[in-house]
Each structure stands twice: as C-alpha cells, then as structure tokens.
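In what follows, a structure is listed as structure tokens, so that the remarks can point back to it.
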Amino acid sequence: MAEFFTLLKGGNKPSLYAALTNTFIAIMKGVAFFFTGNVAMFAETMHSIGDAANQFFVFIGSALSKKAPTSRFPNGFGRLLNIVLLGAVLIVGIMAYETIIEGWHQMTHPIEAEGFIISVIVLIIAIILETFVLYKAGKEILHEAGVKGGALAPLTTSFAHMDRAKPATKLVFMEDLVATAGGVLALVAVLIAHYTGFLAIEGAASIAIGLMMFYVVTRVFLENARGAIGETDEQMVNHIAHLLSDHADVRDIQKLEVIKEGEFLHVETKVEIDPTLTVVEADKLQDLLAALILSQPSVNDVLVSFDADDGQTHWKHLSTRPDSLPPLKTN
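If you're matching positions, the sequence shown starts at 381 in our numbering and goes up one per residue.
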C-alpha cells in the first residue's frame with residue numbers, strides 16, 4: 381500500500397486537477413438538474429460525471445505505469461496507461477449514449493424545464509471552471525513539447541503540439557475542450573428555449589454534446605489501442621537518428637526503434653563504429669550514447685549495441701528535423 385501511495389505522487393497532475401474540478405462541476409450540475417429537470421443540464425451532468433471518472437482512472441493509470449519492472453514483468457508497466465485509458469473511454473461511451481437517448485426524448489416529446497436562472501448560473505460557473513482546466517492542460521502540453529508561448533498560447537498554440545504530449549495530458553485537454561464547448565452549447569440552448577419557447581433545442585443540444593463525447597471516445601480508443609500494441613514514434617526516430625549521426629564516432633545506423641510505452645519511450649539501436657576502437661573506448665562510447673539518448677524527452681529505456689563499420693550505408697531515412705521537437709541535447 382505504501383508503494384501505491386508513493387506511485388500516486390508521480391501521477392499525471394493535469395488529470396488529477398481535472399478530475400477534482402469535474403467532480404465538483406458534476407455535483408453542481410446534478411443538483412441543478414434535480415431542481416430544474418432541464419435536459420441540456422442532464423446532458424452536461426452525464427458529461428461531467430464521465431469526465432471525472434475517466435480522469436480519475438487516467439491519474440491512477442499514469443501513476444501505476446511508472447512502477448519499476450519486476451521479475452514477472454521485466455518490460456515494466458508503461459503500457460498499463462494505454463490499457464487503463466481503453467477501459468476509461470467505455471465510461472464516456474456509456475454516458476454519451478445516455479445523453480443522446482435523453483436528448484432524443486426531449487426532441488420528440490418536449491418538456492418545459494423550470495429554474496431558468498439556476499441553469500444559467502450553474503452553466504456559466506461550469507464553463508469558467510472548464511476553461512481554467514483546459515488552460516492548465518494546454519499549458520502542460522506546451523511544457524511537455526518543450527515549447528514556450530504567450531499568455532494565450534495554452535488555448536491556441538497547444539493544438540499544434542498535441543502529438544508531443546503525454547497520452548494522459550492529451551486526453552484531459554480533449555475532454556475539457558469538448559466539455560467547454562458542450563457547456564457553451566447547453567447555455568445557448570437554455571437561453572433559446574426560454575426566450576423563444578422552442579423546447580426541442582435542448583434535446584438537439586443534448587444530442588450534439590453526446591456526439592462530441594463519442595468523438596473523444598473514438599479518437600482516444602484508437603490512439604491507445606495503437607499504444608497498447610506498441611507504436612513507433614516516427615518523430616523521435618528522426619530526432620534520435622540526427623543525434624546519433626551527428627556524433628563523430630558513429631559511422632552508420634543499422635537499426636533504430638523508438639516504441640511508445642505509455643508516457644515513455646523505449647529506444648533500441650544498433651550503430652556501426654570504427655573497428656579499430658579498443659574495448660575500453662567502445663564501452664565508454666556505448667555509455668555516452670546511452671546517456672545522450674536517455675536525456676531526450678520522454679525516453680526512459682535505452683539499449684545500444686555496436687557493429688564494425690562495413691563501409692556501406694544502411695540508414696537512409698534521415699529527414700529534416702521537425703520544428704515541433706526541442707533542440708538536440710548533446711550533454
């Protein structure tokens with residue numbers, strides 16, 4: 381149990397903040413729905429419950445994925461995060477289904493809700509809180525991508541760097557983006573229904589929110605299914621290939637694999653070196669290259685092996701280094 385709580389300290393912080401915030405928002409929306417019977421509020425309640433449960437799972441999964449390898453699981457627990465996320469999206473999927481069904485009932489059999497002022501106040505507070513969480517998640521994306529920006533960058537520039545973010549951070553950002561948009565949509569629907577009497581608009585808003593939730597479910601499921609199987613990080617392959625090729629003692633690269641393991645990267649490479657190097661010199665070079673690769677973003681495990689230079693070029697995949705990655709570390 382002590383190890384469990386120690387691991388929790390290393391969990392993904394944006395997902396924890398988002399989970400706590402969405403728990404408060406879900407309670408607030410649930411109370412508002414109880415007193416008003418507003419269908420758009422019901423949709424938002426389901427959305428916030430799904431987000432809160434999902435983000436708690438993400439936080440715990442990201443923490444447990446950092447557990448050290450054991451004799452039974454020598455490859456570590458990095459992909460545990462992907463498995464947890466695959467299970468977590470099922471919760472959002474169920475909530476999305478219920479949201480769409482309730483919205484359809486409101487469209488086909490409109491019912492006038494009560495407590496207009498309560499609904500408006502609760503939705504405005506929820507939108508403000510969701511925007512705050514979205515901003516924090518966007519800021520974390522920029523941090524993980526090694527990108528600096530102005531005050532509005534977390535809400536603008538972060539979209540261009542989502543692929544460099546950790547799976548948990550990306551999920552929180554996507555969920556709260558949809559949550560913020562859903563809150564605005566629900567608020568607009570409540571206002572239109574109240575001032576025009578067009579009650580079916582609340583059902584339409586509920587269905588739209590449910591479909592947005594399904595979009596998050598689909599995207600997160602596909603990304604983490606690839607991660608659970610073991611997906612190559614093409615950008616980091618190119619990044620590390622540049623790093624190795626720039627080293628004076630590396631003549632060629634025979635093999636280079638960079639596999640995503642949850643929040644971390646596993647790197648395995650085989651390079652060609654000068655065959656006249658002594659065993660001691662080769663050993664020092666191996667340690668140097670391993671340390672160099674380990675210093676790169678998200679790299680947690682490295683295996684470097686050598687072969688004598690045969691005079692032929694094996695690595696022909698080196699391309700222009702992408703701007704979305706931080707500068708090469710050469711220490």
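The C-beta atom is built at its ideal place from N, Cα and C for all residues, glycine as well.
Ranked by Cα distance from S445, the first of K696, N680, D690, A423 is N680. In the structure shown, the three-state DSSP call for S445 is coil. Fewer than three pairs of CB atoms, one per stretch, sit closer than 8 Å, so the stretch 456-470 makes no contact with the stretch 492-505.
In this structure T450 is exposed. Its beta-carbon is surrounded by fewer than 16 other beta-carbon atoms within 10 angstroms.
In this structure the stretch 474-481 touches the stretch 420-436; the number of beta carbon pairs closer than 8 Å is three or more.
When the alpha-carbon of L396 is set against those of L636, A548, Y595, the nearest one is in A548.
Taking a contact to require three or more Cβ pairs closer than 8 Å, the stretch 510-518 and the stretch 597-608 do not qualify as touching. Look at Q634 here: in three-state DSSP terms it is strand.
Between A432 and N402, the C-beta spacing is below 8 Å. Under the three-state reduction of DSSP, H694 is assigned to coil, being neither helix nor strand.
In the three-state DSSP reduction, L645 falls in the strand class (E or B). Closest by C-alpha distance to V597, out of S538, V552, F453, R452, is V552. For V552, the uninterrupted alpha helix (DSSP H) segment begins and ends at 547-576.
The alpha-carbon of D667 is positioned some 33 Å away from that of K550. In this structure L636 is in contact with T649, their Cβ atoms being roughly 5 Å apart against a cut-off of 8 Å.
Rounded to whole angstroms, the Cβ separation of I507 and V564 is 6 Å, and the two are in contact under 8 Å.
In this structure, the straight-line span from the alpha carbon of L522 to that of M616 is close to 17 Å.
Less than 8 Å divides the Cβ of V438 from the Cβ of L465. Restricting attention to A584, H541, G410, Q435, the CA atom closest to the CA of L400 is found in Q435. A direct Cα-to-Cα measurement between G390 and G642 gives close to 14 Å. Here DSSP, grouped into helix, strand and coil, assigns T612 to strand. Per DSSP, reduced to three states, the secondary structure at F686 is strand. Taking the Cα positions, T537 is about 16 Å away from K546.
Per DSSP, the beta-bridge partners of K650 are K635, S685.
Per DSSP, the continuous alpha helix (DSSP H) segment holding H523 begins and ends at 496-525. For D663, the uninterrupted alpha helix (DSSP H) run begins and ends at 659-674, by DSSP. Counting the other CB atoms within 10 Å of its CB gives I497 a total below 16, which places it among the exposed residues. The C-beta of K640 has 16 or more other C-beta atoms within 10 Å across all chains shown, which makes the residue buried.
Taking 8 Å as the cut-off, the beta carbon of V651 is found closer than this to the beta carbon of L624.
A residue is called buried once 16 or more other Cβ atoms fall within 10 Å of its Cβ, and I504, having fewer, is exposed. T401: member of the alpha helix (DSSP H) spanning 393-416, first to last residue.
Excluding the 5 residues flanking it on each side, A468 has same chain C-beta neighbours closer than 7 Å at N434, F437, V438, in chain order.
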